[in-house]
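Just so we're aligned, residue 45 is where the sequence shown starts under my numbering, counting upward by one.
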Amino acid sequence: MLRILRNSVIIGAPVKINLALHVVGQRSDGYHLLESLIVFTNGGDLIKISRSDYDVFLLNGRFSDAIDREENLVLKARDVFRRVTAVREPVAICLTKRLPVASGVGGGSSDAAATLLGLKALTSRGRFGELMHCAMGLGADVPMCLYGILYKSAMIAYGIGEKIRLLLDFPFLHIVLFHTGGPLATEEVFCTLKNRYNAPLSFDGCCSFSFDSFIKFLQDTRNDLSIPASQLFPMLDKSLDLLYASGAIFARMSGSGTMCFGLYRSEKEARRAEEYILKRNPGAFVLATKTFGKNRAQEHVGLLE
């Protein structure tokens, strides 16, 4: 979602969901090599950027209290955009934090990507190559979130996340996100991981599959961070059990945790599951939604210019 007003821009930062995440190696500099099948959906944070007489950073939303105002990726994205594009005009940025912090769905990275694209839309500055340069300096997940906003497409990410293969014909999925825990530091999860050299992700690129055949494919994939995350946060297993009890055909943890997801055959079943889980976990973060599919691809490709 991108709205360009006279003196401001409102842009949605989508939720990034790792349907599969294989850790296949580690570089000499310590970065882990990954192969991950990723989808995006609405329901993430919102960024509003407005022209201003001086810089302002405002926070609101359900999870705003957990945000670090000084080290926030939104401010880092603003500052690196200025360095790369030489834009100096002050802006007021309001971040509406709707996602739990450090939950494995790329909230901060997606916020940073949305900020870069919002600044480009507001100032008419910044070529796509410059935005990618900014994104790569902000974190491994930011480039893929940048592509996710632009193309609203599934993808496979390789390397440390900088190599991206778009899956523009990938169909949408009905999904429920469920989070009961607090933040879980990615570095801590990787430190707990025992084996860093696992089998690669095997995906032939064919997106014309049935729901049942896709579930069968997912069952042969992994999230190699699930076990170390469960050791650090044992409630993850109970979250997965509840998703299956709600009718999920397949459930897994996303990213480095602690957000879990379930896949369902229909929107009706996903909505019913959302109600089922909320009744048993009042106050938990539960979201029934639909991932971006081929009918949503390339919605904001004009921002590439």
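Beta carbons are placed, not taken as given, at the ideal position from N, Cα and C, and that holds for glycine.
Problem set entry | Expected contact under 8 Å - CB spacing of I91 and D155 to nearest Å | Residue numbering aside, residue 91 sits at position 47 when the sequence shown is read from its first letter. Residue numbering aside, residue 155 sits at position 111 when the sequence shown is read from its first letter. Correct: roughly 6 Å between the Cβ atoms.
For this session: Could you tell me how far apart the beta carbons of L63 and L81 are, in whole angstroms, since I believe they sit closer than 8 Å?
Result: Taking the sequence shown and counting its residues from 1, the one referred to as residue 63 is at position 19. Taking the sequence shown and counting its residues from 1, the one referred to as residue 81 is at position 37. Their Cβ separation, rounded to whole angstroms, is 5 Å, which keeps L63 and L81 in contact under 8 Å.
Exercise. Does the beta-carbon of I200 have 16 or more other beta-carbons within 10 angstroms, so that it is buried, or is it exposed?
Worked result: Stepping through the sequence shown from its first residue, residue 200 is reached at position 156. I200 should be labelled buried.
For this session: Kindly identify the DSSP beta-bridge partner or partners of V145.
Result: Taking the first residue of the sequence shown as 1, we reach residue 145 at position 101. V145 is not bridged to any residue.
For this session: Might you give, ordered along the chain, the residues of its own chain that have their beta carbon closer than 7 Å to the beta carbon of Q342, omitting 5 neighbours on each side?
Result: If you number the sequence shown from 1, residue 342 lands on position 298. Below a pLDDT of 50, predicted positions are generally treated as unreliable, and Q342, at 49, falls in that range; no measurement from the model is reported.
Exercise. Using the rule of at least 16 other Cβ atoms within 10 Å of the residue's Cβ for burial, across every protein chain shown, is K164 buried or exposed?
Worked result: Here the question's residue 164 lines up with position 120 in the sequence shown. Residue burial is scored here from C-beta neighbours: K164 has at least 16 other C-beta atoms within 10 angstroms and is therefore classed as buried.
Exercise. Is DSSP giving A136 helix, strand or coil here?
Worked result: Your numbering for residue 136 matches position 92 in the sequence shown. Note: A136 maps to strand in three-state DSSP.
Exercise. Measuring CA to CA, which of D112, G105 and A157 is closest to A121?
Worked result: Within the sequence shown, residue 121 is the residue found at index 77, counting from 1. The residue with the shortest Cα to Cα distance from A121 is A157.
Problem set entry | Boundaries of the alpha helix (DSSP H) in which C235 is found, first to last residue | Residue 235 sits at position 191 when you count from the first residue of the sequence shown. T230 to T236 is the span of the alpha helix (DSSP H), which, as asked, contains C235.
Exercise. Nearest to V83 by CA position, among D213, N51 and K312, is which residue?
Worked result: Taking the sequence shown and counting its residues from 1, the one referred to as residue 83 is at position 39. When only C-alpha atoms are compared, the closest one is D213.
Exercise. What did DSSP end up calling F253 once you bin it into helix, strand or coil?
Worked result: Residue 253 sits at position 209 when you count from the first residue of the sequence shown. It is coil, neither helix nor strand.
Exercise. Roughly how many angstroms separate the alpha carbons of F247 and A317, rounded to a whole number?
Worked result: Mapped onto the sequence shown, residue 247 falls at position 203. Mapped onto the sequence shown, residue 317 falls at position 273. F247 and A317 have their alpha carbons spaced roughly 29 Å apart.
For this session: Tell me whether D281 is buried or exposed, calling it buried when 16 or more other Cβ atoms sit within 10 Å of its Cβ.
Result: Taking the first residue of the sequence shown as 1, we reach residue 281 at position 237. Under this definition D281 is an exposed residue.
For this session: Decide yes or no for the touch test of the segment 208 to 227 against the segment 288 to 308: beta carbon pairs closer than 8 Å, at least 3 of them.
Result: Taking 8 Å as the limit for Cβ pairs, the verdict is that the segment 288 to 308 does touch the segment 208 to 227.
Exercise. Does DSSP classify Y98 as helix, strand or coil?
Worked result: Position 54 of the sequence shown holds residue 98. Correct three-state label for Y98: coil.
For this session: Note down, one range per segment and in chain order, each beta strand (DSSP E) of at least 3 residues found wholly within the segment 47 to 123.
Result: Residue ranges of uninterrupted beta strand (DSSP E) with 3 or more members, entirely inside the segment 47 to 123 and ordered along the chain, are 52 to 56, 59 to 70, 76 to 85, 90 to 95 and 100 to 104.
Exercise. Nearest CA to the CA of N51: which residue from S96, G205 and A243?
Worked result: In the sequence shown, the residue the question calls residue 51 occupies position 7. The shortest Cα separation from N51 among S96, G205 and A243 belongs to S96.
For this session: Would you kindly work out how many angstroms separate the C-alpha atoms of N86 and V124, rounded to a whole number?
Result: In the sequence shown, residue 86 corresponds to position 42, counting from 1. In the sequence shown, residue 124 corresponds to position 80, counting from 1. For N86 and V124, the distance between alpha carbons rounds to 26 Å.
Exercise. When we look at the beta-carbon of C235 and count the other beta-carbons within 10 Å, is it buried (16 or more) or exposed?
Worked result: On the sequence shown, position 191 is the one that residue 235 refers to. Flag for C235 reads exposed.
Problem set entry | Contacting residues, own chain, Cβ-Cβ under 7 Å from A146 (five flanking each side not counted) | Looking up residue 146 in the sequence shown gives position 102. The residues are P227, L228 and A229.
Exercise. Nearest CA to the CA of V220: which residue from Y241, C251, R47 and V149?
Worked result: Along the sequence shown, one-based indexing puts residue 220 at 176. The residue with the shortest Cα to Cα distance from V220 is V149.
Problem set entry | Length-filtered (4 minimum) alpha helix (DSSP H) runs lying within the segment 272 to 338 | 279 to 289 and 311 to 324
Exercise. By the 10 Å Cβ neighbour count, where 16 or more other Cβ atoms means buried, how is L287 classified, buried or exposed?
Worked result: In the sequence shown, residue 287 corresponds to position 243, counting from 1. Counting Cβ neighbours within 10 Å, L287 comes out buried, since at least 16 surround it.
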